[in-house]
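Quick note on our numbering: the sequence shown kicks off at 325 and runs consecutively.
We put the CB at the ideal spot given by N, CA and C, even for glycine.
Small disclaimer: the values here were computed from a predicted structure and weren't measured.
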Amino acid sequence: MITDANSFGRALRDRRKQLGYTQAFISEFSGFSVSFISDLENGKSTAELGKAIYLANLLGLDCSLTPRGC
């Protein structure tokens, strides 16, 4: 469950590593800087939401919002 920027970043980092990708590889593929990817993975809360969702999707992760208790 994603509850904050840190847990979102951990999920991205875990998935990236599971796939065997480096931050540099994702940077080349996405056009985002390595520093942006690093900041996002480290839970920087000021990261752009659109870019964060794009990277999650790029790594094969679905983002959804569901009401609690459902």
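Shortest Cα-Cα distance from residue 379 to any of 364, 390 and 327 involves 364. Going by DSSP, residue 365 is part of the alpha helix (DSSP H) stretching over 358-365.
Across the structure, residue 333 and residue 393 are spaced so that their CA atoms are roughly 24 Å apart. Cα atoms of residue 367 and residue 329: separation of roughly 5 Å, rounded to the nearest angstrom.
If you look at residue 351, you'll find it in the alpha helix (DSSP H) that goes 347-354. The criterion of a C-beta distance shorter than 7 Å is satisfied by residue 358 and residue 351.
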